[in-house]
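Residue numbers (this note's numbering): 8 to 105.
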(Lines of atoms letter the chains of each structure in order from A and count residues from 1; the text may use other names and numbers.)
(Lines give C-alpha, C1' and ligand atoms only; values in the text may rest on other atoms or scores of the structure.)
Protein backbone atom coordinates (compact mmCIF):
# COMPACT_ATOMS: atom_id res chain seq x y z
CA UNK A 1 0.00 0.00 0.00
CA UNK A 2 1.35 3.41 -0.96
CA UNK A 3 1.34 6.21 1.55
CA UNK A 4 0.81 9.77 0.44
CA UNK A 5 3.32 12.31 1.59
CA UNK A 6 1.76 14.91 3.82
CA UNK A 7 2.89 18.37 2.86
CA UNK A 8 2.39 21.36 5.08
CA UNK A 9 1.10 24.48 3.43
CA UNK A 10 3.53 27.34 3.89
CA UNK A 11 2.11 30.15 5.93
CA UNK A 12 2.98 33.76 5.30
CA UNK A 13 3.35 36.14 8.19
CA UNK A 14 2.95 39.88 7.82
CA UNK A 15 5.59 42.34 8.92
CA UNK A 16 3.62 43.35 12.01
CA UNK A 17 3.52 39.78 13.29
CA UNK A 18 7.25 39.36 12.70
CA UNK A 19 7.99 42.62 14.51
CA UNK A 20 5.89 41.53 17.49
CA UNK A 21 7.73 38.19 17.66
CA UNK A 22 11.08 40.00 17.53
CA UNK A 23 9.92 42.32 20.33
CA UNK A 24 9.17 39.25 22.43
CA UNK A 25 12.65 37.89 21.71
CA UNK A 26 14.31 41.20 22.58
CA UNK A 27 12.36 41.35 25.85
CA UNK A 28 14.22 38.25 26.96
CA UNK A 29 11.63 35.52 26.47
CA UNK A 30 13.20 32.23 25.33
CA UNK A 31 12.81 31.57 21.61
CA UNK A 32 11.57 28.02 22.17
CA UNK A 33 8.81 29.32 24.46
CA UNK A 34 7.72 31.96 21.93
CA UNK A 35 7.77 29.47 19.06
CA UNK A 36 5.73 26.93 20.99
CA UNK A 37 3.15 29.47 22.15
CA UNK A 38 2.66 30.81 18.61
CA UNK A 39 2.88 27.46 16.83
CA UNK A 40 5.83 28.40 14.66
CA UNK A 41 9.30 26.92 14.31
CA UNK A 42 12.23 28.21 16.31
CA UNK A 43 14.33 28.31 13.15
CA UNK A 44 11.83 30.70 11.60
CA UNK A 45 12.26 33.11 14.50
CA UNK A 46 16.04 32.92 14.22
CA UNK A 47 15.75 33.55 10.48
CA UNK A 48 13.62 36.66 11.07
CA UNK A 49 16.04 37.87 13.73
CA UNK A 50 19.00 37.38 11.39
CA UNK A 51 17.27 39.35 8.63
CA UNK A 52 16.37 42.11 11.07
CA UNK A 53 19.97 42.39 12.28
CA UNK A 54 21.17 42.42 8.67
CA UNK A 55 18.64 45.13 7.75
CA UNK A 56 19.70 47.25 10.73
CA UNK A 57 23.20 47.45 9.27
CA UNK A 58 22.04 48.50 5.79
CA UNK A 59 22.62 52.03 4.50
CA UNK A 60 19.67 54.34 5.11
CA UNK A 61 18.63 54.42 1.43
CA UNK A 62 18.21 50.61 1.39
CA UNK A 63 16.03 50.36 4.50
CA UNK A 64 12.79 51.23 2.67
CA UNK A 65 13.24 48.59 -0.02
CA UNK A 66 10.69 45.79 -0.17
CA UNK A 67 12.91 42.78 -0.76
CA UNK A 68 9.97 40.56 -1.72
CA UNK A 69 9.19 43.00 -4.52
CA UNK A 70 12.84 43.02 -5.62
CA UNK A 71 12.80 39.22 -5.70
CA UNK A 72 9.64 39.28 -7.81
CA UNK A 73 11.16 41.78 -10.20
CA UNK A 74 14.32 39.68 -10.54
CA UNK A 75 12.15 36.65 -11.33
CA UNK A 76 10.33 38.68 -14.01
CA UNK A 77 13.67 39.78 -15.49
CA UNK A 78 14.73 36.13 -15.81
CA UNK A 79 11.41 35.28 -17.51
CA UNK A 80 11.80 38.14 -19.97
CA UNK A 81 15.40 37.18 -20.73
CA UNK A 82 14.25 33.63 -21.48
CA UNK A 83 11.51 34.95 -23.79
CA UNK A 84 14.03 37.20 -25.52
CA UNK A 85 16.41 34.30 -26.10
CA UNK A 86 13.61 32.17 -27.56
CA UNK A 87 12.57 34.99 -29.88
CA UNK A 88 16.17 35.51 -31.03
CA UNK A 89 16.44 31.82 -31.90
CA UNK A 90 13.09 31.88 -33.70
CA UNK A 91 14.16 34.94 -35.66
CA UNK A 92 17.38 33.22 -36.71
CA UNK A 93 15.43 30.14 -37.86
CA UNK A 94 12.87 32.15 -39.83
CA UNK A 95 15.60 34.34 -41.36
CA UNK A 96 17.31 31.27 -42.82
CA UNK A 97 14.10 29.98 -44.39
CA UNK A 98 13.51 33.06 -46.55
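Cβ atoms here follow ideal geometry from the backbone N, Cα and C, with glycine treated the same way. Small disclaimer: the values here were computed from a predicted structure and weren't measured.
Handout entry: 7 Å Cβ shell around residue 55 - same chain, five flanking residues per side excluded
Key = Start at 1 with the first residue of the chain shown, and residue 55 comes out as number 48. Around residue 55: 25, 28 and 29.
Problem - Distance CB(residue 20)-CB(residue 47) smaller than 9 Å - result: If you number the chain shown from 1, residue 20 lands on position 13. If you number the chain shown from 1, residue 47 lands on position 40. A contact, by the Cβ cut-off of 9 Å.
Problem - C-alpha gap between residue 35 and residue 50, whole angstroms - result: Residue 35 sits at position 28 when you count from the first residue of the chain shown. Residue 50 sits at position 43 when you count from the first residue of the chain shown. Distance between the alpha carbons of residue 35 and residue 50: 17 Å.
Handout entry: C-alpha gap between residue 82 and residue 96, whole angstroms
Key = For this step, residue 82 is matched to residue 75 along the chain shown. For this step, residue 96 is matched to residue 89 along the chain shown. Using only the alpha carbons, I get a separation of about 22 Å.
Practice task
Answer yes or no: do residue 53 and residue 77 have a C-beta to C-beta separation smaller than 9 Å?
Solution key: The residue given as residue 53 occupies position 46 in the chain shown. The residue given as residue 77 occupies position 70 in the chain shown. Their beta carbons are not under 9 Å apart, which means residue 53 does not touch residue 77 by this criterion.
Exercise for the section: Ignore the nearest five residues each way along the sequence and tell me which others in residue 32's own chain have a CB closer than 8 Å to its CB. Expected result: Taking the first residue of the chain shown as position 1, residue 32 is located at position 25. So the list reads 38, 41, 52 and 56, once near-sequence residues are dropped.
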